[in-house]
Amino acid sequence: MPEVPRMNELLILVFGAMVVLGAIATIISRDLFDKLISLGIIVAGIMPFLADRGLLDVLAATALIAPLSTIFILMAIRRKKDGS
Amino acid sequence: MNGYEIALALRVVLEKDTMRKLPFLNVVSFAISGSIVLLIPHPLAIVAAAAYFVGSTLESNAIASTYAGGPKDE
């Protein structure tokens with residue numbers, strides 16, 4: 001059986017720190033667009049964990065649903081800016 | 101794959117200008133989709149990585165387009 005490369009401890013720490021950093025930045029930042037960008041960092045951080053377990057179908061579905069949710073939030077932001 | 105993504109994510113978070121954050125977010129997403137391909141030697145991995153590549157680029161472009169004002173419809 002061929003050797004299957006797995007995530008080592010350094011990569012687990014790096015991507016976990018990325019998710020935590022994105023969450024903290026989402027809470028702290030004041031601008032709505034900055035919050036959306038930080039949410040993008042969170043989604044980027046969870047993708048290698050899905051790939052590490054071999055959940056490729058879940059990964060593809062998440063990669064297509066997450067930008068869709070961002071676009072829906074953007075529609076709400078744009079309507080709020082037009083109304084004010 | 102070597103963990104440089106955390107430096108890029110830190111750069112995104114510490115940047116003050118919103119418009120300047122977006123290219124770094126795009127670079128983070130490209131690095132992540134490269135890491136996905138390098139992590140799993142499976143034929144379906146390239147499909148998932150391509151889906152994430154397209155999705156993240158669409159997300160960044162949607163944020164930038166809305167921030168810049170969007171299409172002017174009168």
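Those sequence lines, one after another, are chains R and S. Residue numbers for the first sequence follow our numbering, so the first one is 1 and each next one is one higher. Residue numbers for the second sequence follow our numbering, so the first one is 101 and each next one is one higher. Even glycine gets a Cβ: it sits at the ideal position worked out from N, Cα and C.
Whose C-beta lies closer than 8 Å to the C-beta of residue i among residues of the same chain, with five residues either side of it excluded?
| i | result |
| --- | --- |
| Met1 of chain R | With a pLDDT of 40 at Met1 of chain R, under the threshold of 50, the modelled position of this residue cannot be trusted; read the value that follows with caution. Around Met1 of chain R: no qualifying Cβ. |
| Leu110 of chain S | none |
Run down chain R in chain order and give the residues with a C-beta less than 7 Å from the C-beta of residue i.
| i | result |
| --- | --- |
| Gly155 of chain S | Ala63, Leu64, Ala66 and Pro67 |
| Val112 of chain S | Ile37 and Ile41 |
| Val128 of chain S | Ile41 and Ala44 |
Which class does residue i belong to by DSSP, given the choice of helix, strand or coil?
| i | result |
| --- | --- |
| Pro143 of chain S | coil |
| Arg79 of chain R | helix |
| Leu59 of chain R | helix |
| Asn126 of chain S | helix |
| Met1 of chain R | Note that Met1 of chain R scores a pLDDT of 40, beneath 50, so its modelled location is shaky and nothing firm can be said. |
| Tyr104 of chain S | coil |
| Ser165 of chain S | helix |
| Gly155 of chain S | helix |
| Ser133 of chain S | helix |
| Gly45 of chain R | helix |
| Glu9 of chain R | helix |
| Glu174 of chain S | Legend: pLDDT at Glu174 of chain S = 46, less than 50; position of this residue unreliable, no value from coordinates given. |
| Ser160 of chain S | helix |
Identify the contact partners of residue i in chain S, using a Cβ-Cβ distance below 8 Å as the criterion.
| i | result |
| --- | --- |
| Ile77 of chain R | Thr166 |
| Val14 of chain R | Gly103, Glu105 and Ile106 |
What does a CB cutoff of less than 6 Å around residue i pick up in its chain, not counting 5 residues either side in sequence?
| i | result |
| --- | --- |
| Ile73 of chain R | none |
| Arg58 of chain R | Residue identity check: residue 58 of chain R is Val in the sequence provided, not Arg. Counting only Cβ-Cβ distances below 6 Å, and skipping sequence neighbours, we find Leu50. |
Rounded to whole angstroms, what is the Cα-Cα separation between residue i and residue j?
| i | j | result |
| --- | --- | --- |
| Leu68 of chain R | Phe130 of chain S | 18 Å |
| Glu115 of chain S | Leu21 of chain R | 14 Å |
| Gly40 of chain R | Leu144 of chain S | 23 Å |
| Ala164 of chain S | Met75 of chain R | 13 Å |
| Tyr152 of chain S | Thr70 of chain R | 14 Å |
| Leu36 of chain R | His142 of chain S | 32 Å |
| Leu122 of chain S | Ala66 of chain R | 17 Å |
| Arg78 of chain R | Ile24 of chain R | 24 Å |
| Ala63 of chain R | Asp34 of chain R | 20 Å |
| Gly103 of chain S | Thr166 of chain S | 31 Å |
| Ala162 of chain S | Asn126 of chain S | 12 Å |
Less than 7 Å between C-beta atoms, sequence neighbours within five positions excluded: which residues of the same chain meet that for residue i?
| i | result |
| --- | --- |
| Val128 of chain S | Glu105, Leu108, Ala109 and Val112 |
Residues of chain S with CB under 7 Å from residue i, in chain order?
| i | result |
| --- | --- |
| Phe33 of chain R | Thr118, Ile163 and Tyr167 |
| Ile71 of chain R | Ala162 |
Given 8 Å as the limit, is there contact between the region 41–48 of chain R and the region 124–136 of chain S, that is, 3 or more CB pairs closer than that? Yes, since at least three Cβ pairs between the region 41–48 of chain R and the region 124–136 of chain S fall closer than 8 Å, the two stretches touch.
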